[in-house]
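Note that UniProt numbering numbers the sequence shown so that position 90 is 90, with each residue one more than the last.
The structure appears below as structure tokens.
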Amino acid sequence: MKKVSEYLVLFALGGTIYYSFEMIFRGFSHWSMFVLGGLCLVFFGQQGLWIKWEDPLWLQLLRCTLFVTAGEFITGIIVNKWLKWNVWDYSDQPFQLFGQICAPFTILFSGLCLLGILLTGYLLYWLYGETKPHFHVL
Numbered sequence: 001m002k003k004v005s006e007y008l009v010l011f012a013l014g015g016t017i018y019y020s021f022e023m024i025f026r027g028f029s030h031w032s033m034f035v036l037g038g039l040c041l042v043f044f045g046q047q048g049l050w051i052k053w054e055d056p057l058w059l060q061l062l063r064c065t066l067f068v069t070a071g072e073f074i075t076g077i078i079v080n081k082w083l084k085w086n087v088w089d090y091s092d093q094p095f096q097l098f099g100q101i102c103a104p105f106t107i108l109f110s111g112l113c114l115l116g117i118l119l120t121g122y123l124l125y126w127l128y129g130e131t132k133p134h135f136h137v138l
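Encoded structure:
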């Protein structure tokens, strides 16, 4: 039951943060971004627990940035291409792929990933007594 609570709390928090971030900076969002944000924050916490927070922070950041970028691409293909909901389009951005992901937003998301990794590590420790994170760069 503890794990279910951890997942639900991280999912709700991640969804709320991502949805709010889009509302602040874009003026609108979509429920699919709540789902994606929730899944990403759950992954951030889970990857840390799998490795007991022992991997260097740069490696965790790389892992989480790749997860977010892959999630954005898959979500984009589904909601923008298949369902034609037109939630976003990066076609006008440099280094983009099918208008669903692009280098500038991958870099931006990496900064959010860093905050997410730190947040999940300490929340899981404080709220659920999980392994205390001991972040190190190298």
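Every residue gets a Cβ at the ideal spot worked out from N, C-alpha and C, and that includes glycine.
Looking at Tyr18, Val42, Tyr19 and Ile24, the one whose alpha-carbon comes closest to that of Gly121 is Val42. Per DSSP, the unbroken alpha helix (DSSP H) holding Tyr125 starts and ends at Ala103 to Tyr128.
By the neighbour-count definition (other C-beta atoms within 10 Å, threshold 16), Pro104 is an exposed residue. When DSSP states are grouped into helix, strand and coil, Gln96 belongs to the strand group. Under the three-state reduction of DSSP output, Ser29 falls in the coil class, being neither helix nor strand. Excluding five sequence positions before and after Gly48, the CB atoms of its chain that fall closer than 7 Å to its own CB belong to Gln60, Ile117, Thr120, Gly121 and Pro133, given in chain order. When Thr131, Tyr7 and Leu112 are compared, the shortest CA-CA separation from Val68 is found for Leu112. Secondary structure of Leu83 (DSSP, three-state): coil. CA-to-CA, the gap between Glu54 and Tyr125 works out to about 14 Å. Segment contact: the stretch 23-37 against the stretch 91-105, fewer than three CB-CB distances shorter than 8 Å; contact not assigned.
One thing to note: Phe44 has its Cβ within 8 Å of the Cβ of Cys64. Where Ile74 is concerned, the enclosing alpha helix (DSSP H) starts and stops at Leu57 to Gly76.
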